[in-house]
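In the numbering used here, the protein residues as written are 6 to 255.
Below is one structure, written out as structure tokens, with a few remarks after it.
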Ligand code: PXP
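Rendered as structure tokens:
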């Protein structure tokens with residue numbers, strides 16, 4: 006499999022819905038944000054339908070499927086309820102993430118190795134329905150091998166540990182996490198998996214990850230929606246795109 010030069014940017018719009026839901030109304034509309042992101046050059050839109058519907062709702066997913074001209078990456082936990090919803094909508098991609106009700110965000114990668122059998126059965130109908138199945142995973146060789154064995158086509162490497170260390174000013178740890186991400190991006194790619202990455206990325210942390218040639222897509226949400234308050238969504242995305250392209254060119 007060839008390493009792809011153009012790095013795709015998936016924009017996660019969950020937190021537009023978070024702001025909307027803070028007042029219980031219809032504003033700001035995540036579908037409008039998705040349209041604006043498309044126009045600003047997003048290569049895909051990501052939305053996570055959580056079990057507790059704390060941000061994205063079922064109606065948002067339905068609306069996104071209707072209006073998007075770029076692929077929808079539907080993030081969900083490996084539950085029967087979510088599988089039924091995914092099979093109804095058949096989004097371009099389904100990203101399986103771990104989900105704990107008490108967490109603020111998706112805190113770690115999916116435990117694939119210990120749940121290989123269950124997950125293999127879980128993703129089979131999604132693949133048969135034509136969805137590209139992606140597994141959100143720590144930069145851990147054992148988990149990547151398991152993701153490959155269960156038949157996932159894509160892994161998304163969790164960049165949270167790197168970004169957290171960077172935000173804390175813990176450079177040695179950030180560097181170590183980056184090295185792990187680099188090695189595991191290569192490892193996954195060499196197994197024949199498509200490699201994505203995301204979580205916690207900002208203008209300050211994106212470049213080294215964007216420079217890994219095996220990484221084909223970054224999924225970025227919270228920072229971009231926050232930055233949109235100051236710059237507007239289009240310019241915030243354009244700046245991320247510029248940083249990614251610059252990093253890719255070296
Ligand atoms: N990728 C996955 C699988 C995620 O669960 C999330 C967070 O919902 C992201 C990327 C984006 O993370 P952030 O919002 O921190 O940019």
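Every residue gets a Cβ at the ideal spot worked out from N, C-alpha and C, and that includes glycine.
Below 6 Å, is the gap between the Cβ of residue 99 and the nearest heavy atom of the ligand PXP? Along the chain shown, read from residue 1 onward, the residue named residue 99 stands at position 94. Not so, every heavy atom of the ligand PXP lies at least 6 Å from the Cβ.
Could you name the residues of the same chain whose beta carbon sits closer than 8 Å to that of residue 36, not counting the 5 residues immediately before and after it, in chain order? Along the chain shown, one-based indexing puts residue 36 at 31. The residues are 65, 68, 69 and 72.
Cutoff 7 Å; reference residue 153; Cβ partners in own chain excluding five residues on either side: By one-based count along the chain shown, residue 153 stands at place 148. For residue 153, where only same-chain residues beyond five positions count, the Cβ hits under 7 Å are 196 and 198.
Quick one: using the 10 Å Cβ neighbour count with 16 as the cut-off for buried, is residue 6 buried or exposed? Along the chain shown, one-based indexing puts residue 6 at 1. Reliability of the predicted coordinates at residue 6 is poor, the pLDDT of 47 falling under 50, and the value obtained from them is presented with this limitation in mind. With fewer than 16 other Cβ atoms from the protein chains shown falling within 10 Å of its own Cβ, residue 6 counts as exposed.
Scan the region 57-105 and note each continuous beta strand (DSSP E) run of 3 residues or more that stays entirely inside, going in chain order. 77-81 and 98-101
Coarse secondary structure for residue 223, derived from DSSP in three states: Mapped onto the chain shown, residue 223 falls at position 218. It is a strand residue.
Please report the distance separating the alpha-carbon of residue 63 from that of residue 177. As a position in the chain shown, residue 63 is number 58, starting the count at 1. As a position in the chain shown, residue 177 is number 172, starting the count at 1. So the two alpha carbons sit approximately 42 Å from each other.
Taking 6 Å as the cut-off, is the C-beta of residue 285 nearer than that to any heavy atom in the ligand PXP? Given a span of 6 to 255 for the chain in the structure shown, any question on residue 285 remains unanswerable.
Look at the Cβ atom of residue 225, then the Cβ atom of residue 206, and state whether they are nearer than 7 Å. Numbered from its first residue, the chain shown carries residue 225 at position 220. Numbered from its first residue, the chain shown carries residue 206 at position 201. Yes; because the gap between Cβ atoms is below 7 Å, this pair is in contact.
Start-to-end residues for the alpha helix (DSSP H) that takes in residue 165: Locating residue 165 in the chain shown gives position 160, counting from the first residue. That run of the alpha helix (DSSP H) goes 165-172.
Buried or exposed for residue 89, please, with buried defined as at least 16 other CB atoms from any protein chain shown within 10 angstroms of its CB. Within the chain shown, numbered from 1, the residue matching residue 89 stands at position 84. Looking at its Cβ environment, which holds fewer than 16 other Cβ atoms inside 10 Å, residue 89 is exposed.
Since residue 83 and residue 101 should fall inside the 8 Å C-beta cutoff, what is the C-beta to C-beta distance between them, to a whole number of angstroms? What you label residue 83 is simply residue 78 of the chain shown in a count that begins at 1. What you label residue 101 is simply residue 96 of the chain shown in a count that begins at 1. At roughly 5 Å, the Cβ-Cβ gap stays under 8 Å, so residue 83 and residue 101 are in contact.
Is residue 122 near the ligand PXP, judged by its Cβ being under 6 Å from some heavy atom? Numbered from 1 along the chain shown, position 117 holds the residue referred to as residue 122. No, the Cβ of residue 122 stays beyond 6 Å of every heavy atom of the ligand PXP.
From 32, 24, 41 and 31, pick the residue whose C-alpha is nearest to that of residue 242; which is it? Counting from 1 along the chain shown, the entry for residue 242 is found at position 237. The candidate whose alpha carbon is nearest that of residue 242 is 41.
Here's a check: name, in chain order, each residue in its chain whose Cβ is nearer than 8 Å to the Cβ of residue 43, leaving out the five neighbours to either side. Mapped onto the chain shown, residue 43 falls at position 38. Cβ within range, chain order: 50, 73, 74 and 75.
Helix, strand or coil: how does DSSP classify residue 207 here? Counted from its first residue, the chain shown places residue 207 at position 202. Correct three-state label for residue 207: coil.
Less than 6 Å separating the Cβ of residue 199 from some heavy atom of the ligand PXP? For the purposes of this step, residue 199 is identified with residue 194 of the chain shown, where counting begins at 1. Answer for residue 199: no, Cβ out of range of the ligand PXP.
Per DSSP, residue 236 is paired with what? Counting from one through the chain shown, the residue named residue 236 turns up at place 231. Bridge partners of residue 236: none, in fact.
In angstroms with no decimal places, state the Cα-to-Cα distance between residue 132 and residue 31. What you label residue 132 is simply residue 127 of the chain shown in a count that begins at 1. What you label residue 31 is simply residue 26 of the chain shown in a count that begins at 1. Straight-line Cα distance between these residues: approximately 34 Å.
Whose C-beta lies closer than 7 Å to the C-beta of residue 227 among residues of the same chain, with five residues either side of it excluded? As a working mapping, residue 227 is identified with position 222 in the chain shown. Here the set comprises 20.
With hydrogens ignored, establish whether the beta-carbon of residue 203 is closer than 6 Å to any heavy atom of the ligand SAM. Among the ligands modelled here, namely the ligand PXP, the ligand SAM does not occur.
Sorry if obvious, but does the Cβ on residue 217 come closer than 6 Å to a heavy atom of the ligand PXP? Along the chain shown, read from residue 1 onward, the residue named residue 217 stands at position 212. No, since every heavy atom of the ligand PXP falls outside the 6 Å radius drawn around the Cβ of residue 217.
Limits of the beta strand (DSSP E) - the one that residue 13 falls within: Numbered from its first residue, the chain shown carries residue 13 at position 8. Counting along the chain, the unbroken beta strand (DSSP E) around residue 13 starts and ends at 13-17.
When DSSP labels each residue in this structure, what does residue 231 get in the three-state scheme? Within the chain shown, residue 231 is the residue found at index 226, counting from 1. In the three-state reduction of the DSSP assignment, residue 231 falls in the helix class, which pools H, G and I.
Considering only C-alpha positions, which residue in the set 60, 164 and 124 is nearest to residue 151? Here residue 151 corresponds to residue number 146 of the chain shown, with the count starting at 1. If we check each option's Cα against that of residue 151, 124 comes out closest.
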